[in-house]
Amino acid sequence: MTITNTVEKIRSFYEEDIATRIPFDLHPLQYATDYQKQLYGTMLAMLIQYENDAQKEQTVLLQRIMKGAGIELTLQQLLQHQMQNATTSDEKVAKEVYDEFTNNDLARNFTVDALMLVYALAPIKEKQLTFVSELVSVLNIDLEMFQ
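Sequential numbering of the sequence shown, starting at 0, is according to numbering that gives the first Met the number 0.
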């Protein structure tokens, strides 16, 4: 085996293992219902796919969030599951997000997580940032809290 093959195997291991090594252990989503976790993950997956192919930095961050919430999926499973949900979502899901998260602490956490996902890339995707700002308004997060 060449050094190149060995290094590639190590890099692959690190890439797959990063969310397990550095999860958001204290994420408030861990106390949410399974349904809320699913909605939360679906909306974040939708955000990182909006006008963009989900980038590695964003998908790893999403996996860390979901691991912190107690959802134990490999990166590949998470991407298949959450991304499929995101691409098949409709207005019903948008209403459910509103119903589940408005005026609730998870709305504020969602905003922070969404902004981290948007700012994980350079240059920032303007449409993603606009979508987050619209969600902030829909989730009834006042400007002072948002700042």
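Glycine included, each C-beta is placed from N, C-alpha and C at the ideal position.
Owing to the predicted nature of the structure, the values given are computational and were not obtained by experimental measurement.
query	result
Classify Ser11 as helix, strand or coil using the three-state DSSP reduction.	helix
According to DSSP, simplified to helix, strand and coil, what is Leu120?	coil
Keeping to the same chain, check which residues put their C-beta closer than 8 Å to that of Ala31; ignore five residues upstream and five downstream.	Tyr39, Ala68 and Leu105
To the nearest angstrom, report how far apart Val92 and Asp112 are at their CA atoms.	19 Å
I want to know whether the region 54 to 66 touches the region 118 to 128 - three or more CB-CB distances under 8 Å.	yes
Write down the C-beta distance between Val131 and Leu61 rounded to the nearest angstrom, noting that I regard them as a contact closer than 8 Å.	Not a contact, Cβ separation roughly 14 Å.
Taking the alpha helix (DSSP H) that Glu99 falls in, what are its first and last residues?	Glu90 to Phe100
Who are the near neighbours of Ile123 in its chain, counting only those whose CB is closer than 7 Å to its CB and skipping five residues on each side?	Val117
When you compare the CB positions of Asn139 and Asn102, do they come within less than 7 Å of one another, or not?	yes
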